[in-house]
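S.K.: Chains as they are written, first to last, in the UniProt record's numbering: chain E, 1 to 212; chain A, 1 to 212.
Quick reminder that beta carbons are idealized off the backbone N, C-alpha and C, glycines included.
These numbers were taken from a predicted model, which means no experiment stands behind them.
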DNA sequence: CTGAATCTCACCCAATTTGGGGGGATTTAA
DNA sequence: TTAAATCCCCCCAAATTGGGTGAGATTCAG
């Protein structure tokens with residue numbers, strides 16, 4: 001037992017592929033300052049031991065036997081929120097990326113990275129960053145951007161924006177300094193353009209097509 | 001004129017600090033494969049020339065005399081959407097970051113980076129990435145994550161989630177396979193917990209505190 | 001200059017939604 | 001064994017919503 005232990009970055013792995021898992025263990029343990037405390041091939045076993053392992057960083061696969069990685073991230077964050085979780089997977093699917101981040105992942109790497117990237121990523125997340133593969137970062141940033149081919153006018157977009165925040169027609173009228181009847185007209189036009197017949201449908205379609 | 005020109009990355013700068021701007025110009029032009037086509041100290045001049053300059057990448061400051069960078073990004077994307085815009089600024093303010101990304105920025109760097117990072121960032125964005133400083137990446141990723149100290153139960157959160165998508169009580173009831181009256185009870189409890197008295201207030205507060 | 005689009009406001013109507021009040025049953029976790 | 005969470009029921013009045021029709025003003029591109 002040495003005082004160096006206090007500066008060690010403790011790592012857990014959750015990865016079902018034996019080859020990859022053992023490869024990561026070796027790669028990481030070769031590194032000064034890293035210590036792989038445990039390596040699991042499924043979430044269930046990991047979750048039983050996480051409070052014992054007390055990892056600083058968890059490298060988590062998504063496709064796993066039994067509980068999947070997304071669920072695994074959520075549960076980990078509930079019982080041991082201190083851990084920083086980096087997803088390491090082959091999937092670059094939009095949905096999966098956002099679900100993982102919403103669940104509490106602090107980074108997202110795809111397995112086609114150079115192995116040295118994994119080392120950097122762990123240092124990055126411990127240094128307050130959010131390591132992501134290039135394509136993933138682009139996905140994430142693009143998710144903030146709106147559709148530039150919106151059929152809606154800017155005023156209509158403004159109205160729909162407020163509607164999506166739960167405002168009533170009267171609220172919106174006040175907010176935009178126009179008459180309630182004008183708001184109604186705008187909304188009728190929005191419904192016509194989006195081919196919908198209710199608030200919920202309009203918001204759903206607008207979200208989906210990134211109009212708001 | 002050589003065929004190498006077709007592979008050159010053409011860069012525009014918009015930065016009001018003369019020292020920094022000239023420094024960037026020198027740094028970038030030293031690099032094989034980069035060509036600074038123009039450097040401006042304000043957005044207005046840049047916007048007049050962007051269609052002529054045809055830049056691949058724009059390095060844009062936020063704090064500028066006249067039109068600010070956010071507005072500048074929006075307008076650039078409207079008249080020359082092809083350009084990739086990287087924000088380079090001293091501000092790490094949450095609001096500014098998200099406004100910039102929503103406006104169409106493809107990357108966000110803070111000025112305390114090593115100058116070599118700028119070179120990498122340009123290559124990164126041209127390679128389909130989204131270069132961000134460490135702290136910015138963390139901000140962006142954190143924006144997906146919910147508050148873990150929510151006063152709302154999971155069912156209540158679920159109800160509020162659907163309410164925020166414009167669903168009516170009846171819609172929500174159908175979606176969750178419960179009675180409309182039950183939905184009403186949940187919503188009453190949500191209002192009580194959040195100390196609000198309407199849908200709009202509840203959604204606003206929930207968004208602000210990242211409960212949904 | 002003209003026509004399309006946008007933004008603005010008005011009035012009609014009926015069905016639905018919403019918010020507030022009350023009460024009660026069951027399960028589950030502390 | 002409390003407290004919380006989840007579920008369901010009733011009453012009521014005000015507000016909201018969606019649909020219809022019409023119309024003046026402005027802006028903007030062809």
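Report the option in 79(A), 139(A), 106(A) and 212(A) whose CA atom is closest to the CA atom of residue 95(A).
M.R.: Comparing Cα positions, the closest option is 139(A).
S.K.: Between residue 98(E) and residue 101(A), is the Cβ-Cβ spacing less than 9 Å?
M.R.: No, the Cβ-Cβ distance between residue 98(E) and residue 101(A) is not below 9 Å.
S.K.: For residue 60(E), write down the residues that DSSP places opposite it in a beta bridge.
M.R.: Answer is 14(E) and 87(E).
S.K.: Tell me the DSSP bridge mates of residue 110(A)?
M.R.: Its beta-bridge partners are 89(A).
S.K.: Sorted by chain position, which residues of the same chain lie with C-beta nearer than 6 Å to residue 41(E)'s C-beta, five sequence neighbours on each side aside?
M.R.: Result list for residue 41(E): 16, in chain order.
S.K.: Rounding to the nearest angstrom, what Cα-Cα distance links residue 67(A) and residue 73(A) in this structure?
M.R.: Taking the straight line from one Cα to the other gives about 10 Å.
S.K.: DSSP three-state label for residue 67(E), please.
M.R.: Reduced to three states, the DSSP call for residue 67(E) is coil.
S.K.: Take residue 111(E) as the anchor and find which of 188(E), 61(E), 51(E) and 190(E) has the nearest alpha-carbon.
M.R.: Answer by Cα proximity: 61(E).
S.K.: Do residue 108(E) and residue 132(E) have their C-beta atoms closer together than 9 Å?
M.R.: Closer than 9 Å, so yes.
S.K.: If you draw a straight line from the alpha carbon of residue 37(A) to that of residue 70(A), how long is it in whole angstroms?
M.R.: Each residue's alpha carbon lies about 22 Å from the other.
S.K.: Considering only the alpha carbon of each residue, which of 80(E), 134(E), 104(E) and 210(E) lies closest to residue 194(E)?
M.R.: Nearest C-alpha to residue 194(E): 210(E).
S.K.: Can you find a C-beta in chain E that's less than 9 Å from the C-beta of residue 129(A)?
M.R.: True, the Cβ-Cβ gap to chain E drops below 9 Å.
S.K.: Do you know whose CA, among 11(E), 146(E), 9(E) and 159(E), lies nearest residue 175(E)'s CA?
M.R.: The option with the nearest alpha carbon to residue 175(E) is 159(E).
S.K.: Compute the Euclidean distance between the alpha carbons of residue 192(A) and residue 182(A), then round it to the nearest angstrom.
M.R.: Each residue's alpha carbon lies about 15 Å from the other.
S.K.: Assign residue 36(A) to one of three DSSP states: helix, strand, or coil.
M.R.: Correct three-state label for residue 36(A): strand.
S.K.: Threshold first: 4 residues or longer. Then list the alpha helix (DSSP H) segments lying entirely within the UniProt domain "HTH luxR-type" (145-210) of chain A, N to C.
M.R.: The UniProt domain "HTH luxR-type" (145-210) of chain A contains these whole alpha helix (DSSP H) runs: 154-163, 169-176, 180-194 and 199-208.
S.K.: What are the boundary residues of the alpha helix (DSSP H) that residue 132(A) is part of?
M.R.: Premise fails: residue 132(A) is in no alpha helix (DSSP H) and is neither H nor E.
S.K.: Taking the Cβ atom as the reference point for each residue, do residue 142(E) and residue 137(A) lie within a distance shorter than 9 Å?
M.R.: Contact: no.
S.K.: Closer than 9 Å by beta-carbon distance: list the chain A residues that pair up with residue 168(E), in chain order.
M.R.: In chain order: 198, 199 and 200.
S.K.: Is residue 9(A) helix, strand or coil by DSSP?
M.R.: Reduced to three states, the DSSP call for residue 9(A) is strand.
S.K.: Within a Cβ cutoff of 7 Å, which residues of the same chain sit near residue 147(A), ignoring the five residues on either side of it in sequence?
M.R.: Hits under 7 Å: 209, 210 and 211.
S.K.: Examine chain E for any beta-carbon lying closer than 9 Å to the beta-carbon of residue 96(A), and answer yes or no.
M.R.: No, residue 96(A) lies away from the interface with chain E (no Cβ there is under 9 Å from its Cβ).
S.K.: Rounded to whole angstroms, what's the CA-CA distance from residue 78(E) to residue 76(A)? Just pull it up for me.
M.R.: Each residue's alpha carbon lies about 43 Å from the other.
S.K.: Quick check: what's the CA-CA separation for residue 64(E) versus residue 8(E)?
M.R.: Cα to Cα, the separation comes out at about 28 Å.
S.K.: With burial defined as no fewer than 16 other Cβ atoms inside 10 Å of the residue's Cβ, what is the status of residue 199(A): buried or exposed?
M.R.: Looking at its Cβ environment, which holds 16 or more other Cβ atoms inside 10 Å, residue 199(A) is buried.
S.K.: Counting only beta-carbon atoms, is residue 144(A) nearer than 9 Å to chain E?
M.R.: It does: the Cβ of residue 144(A) has a partner Cβ on chain E nearer than 9 Å.
S.K.: Residue 148(A) touches chain E at which residues, Cβ-Cβ below 8 Å?
M.R.: Chain E residues near residue 148(A): 77, 78 and 81.
S.K.: So, does the CB of residue 110(E) fall closer than 9 Å to a CB anywhere in chain A?
M.R.: Cβ-Cβ to chain A under 9 Å: no for residue 110(E).
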